[in-house]
Amino acid sequence: MKNLSRPKLVLYAGIIISFVMLESPLILLANRIEPLIMGVPFLLAWNLFWWFVLTALFLAAYFTNWGSASAPLNQPKEPAGETS
Numbered sequence: 004m005k006n007l008s009r010p011k012l013v014l015y016a017g018i019i020i021s022f023v024m025l026e027s028p029l030i031l032l033a034n035r036i037e038p039l040i041m042g043v044p045f046l047l048a049w050n051l052f053w054w055f056v057l058t059a060l061f062l063a064a065y066f067t068n069w070g071s072a073s074a075p076l077n078q079p080k081e082p083a084g085e086t087s
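Numbering (our numbering), first residue to last: 4 to 87.
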């Protein structure tokens with residue numbers, strides 16, 4: 004847990020909350036046809052909203068180099084046998 008910085012904790016929390024809102028029985032709270040949101044039933048609007056939230060969080064995680072401990076993975080390696 005000591006390797007988790009504040010931005011990573013926020014990303015993890017946001018992703019977990021979004022999954023819970025999208026995939027848990029809480030979706031039954033949104034199981035309504037009325038009200039229509041821009042002509043779309045509320046349940047579909049609920050799913051689309053949380054899907055966009057998850058997509059944005061995963062995109063933010065990707066751009067913040069999510070999963071790496073300290074250094075980027077794409078650092079060039081020195082060829083074998085050559086030293087500086």
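By construction, the Cβ of each residue, glycine as well, lies at the ideal position given by its N, Cα and C atoms.
Quantities reported herein were computed from a predicted structural model and do not represent experimental measurements.
- [ ] Mind checking which residues open and close the alpha helix (DSSP H) that includes leucine 57?
- [x] Translated into positions along the sequence shown, residue 57 becomes position 54. 45–66 is the extent of the alpha helix (DSSP H) around leucine 57.
Open item on the list: Can you find the residues in the same chain that come closer than 8 Å, C-beta to C-beta, to alanine 74, ignoring five residues on each side of it along the sequence?
Closed with: For this step, residue 74 is matched to residue 71 along the sequence shown. For alanine 74, the predicted model reports a pLDDT of 47, less than 50, meaning its position is unreliable; a value from the coordinates is still stated below. Within the same chain, alanine 74 has no close Cβ partners at all.
Open item on the list: So, does the stretch 35–44 touch the stretch 53–67, judging by three or more C-beta pairs under 8 Å?
Closed with: No, the stretch 35–44 does not touch the stretch 53–67.
Task: 6 Å Cβ shell around alanine 64 - same chain, five flanking residues per side excluded - done: The count along the sequence shown starts at 1 and reaches residue 64 at position 61. Leu14, listed in sequence order.
- [ ] Would you list the one or two residues that DSSP bridges to leucine 39?
- [x] Within the sequence shown, the letter at position 36 stands for residue 39. Answer by DSSP bridge pairing, in chain order: Pro44.
- [ ] Please say whether leucine 60 and isoleucine 30 have beta carbons closer to each other than 7 Å?
- [x] Residue mapping note: residue 30 aligns to position 27 of the sequence shown, counting from 1. Residue mapping note: residue 60 aligns to position 57 of the sequence shown, counting from 1. Cβ atoms of isoleucine 30 and leucine 60: not closer than 7 Å.
Open item on the list: Here's the rule I'm using: 16 or more other beta-carbon atoms within 10 Å means buried, otherwise exposed. How should serine 21 be labelled?
Closed with: Numbered from 1 along the sequence shown, position 18 holds the residue referred to as residue 21. By the 10 Å Cβ count, serine 21 comes out buried.
- [ ] Have a look at Leu62, Asn50, Pro38 and Pro10 and flag the residue whose alpha-carbon is nearest the alpha-carbon of methionine 24.
- [x] One-based indexing of the sequence shown puts residue 24 at position 21. Cα-wise, what sits closest to methionine 24 is Asn50.
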